[in-house]
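Counted from 1, the sequence shown has number 13 at position 13 by the UniProt record's numbering; the numbering is strictly sequential.
The C-beta atom is built at its ideal place from N, Cα and C for all residues, glycine as well.
Please read these numbers as outputs of a predicted model, since none were measured by experiment.
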Amino acid sequence: HTGDRPFACALCGKAFKQSNALASHERVHTGERPFACRTCGKAFKQSSYLAVHQRAHTGERPYGCEACGKAF
Numbered sequence: 001h002t003g004d005r006p007f008a009c010a011l012c013g014k015a016f017k018q019s020n021a022l023a024s025h026e027r028v029h030t031g032e033r034p035f036a037c038r039t040c041g042k043a044f045k046q047s048s049y050l051a052v053h054q055r056a057h058t059g060e061r062p063y064g065c066e067a068c069g070k071a072f
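Have a look at this one:
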């Protein structure tokens with residue numbers, strides 16, 4: 001709760017509270033995309049982006065409209 005951000009990017013100076021947030025941010029500068037889809041090979045900077053992408057292959061539609069029931 002102190003607001004301290006001890007993990008700073010060496011390239012732009014942006015600071016973060018957690019080291020993993022800095023590591024994720026650094027991919028903006030490096031272009032690294034370490035999370036690859038096993039089905040098509042498309043790669044992503046964050047694992048959460050890969051998880052969303054994988055729904056294109058599985059057909060999963062986890063969200064549903066309460067009004068009409070349509071899933072997306």
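Tell me whether residue i sits in a helix, a strand or coil according to DSSP, three-state version.
i	result
A36	strand
A43	strand
A67	coil
A51	helix
residue 102	This structure does not reach residue 102, given that the chain is present from 1 up to 72, and the question cannot be answered.
A8	strand
The alpha helix (DSSP H) spanning residue i covers which residue range?
i	result
L22	19-30
Nearest-angstrom Cα distance between residue i and residue j?
i	j	result
H25	C9	8 Å
E66	L11	46 Å
With distances taken Cα to Cα, identify the nearest neighbour of residue i among the options.
i	options	result
S47	H29, A23, Y63	A23
Q18	C12, R27, R5, R33	R5
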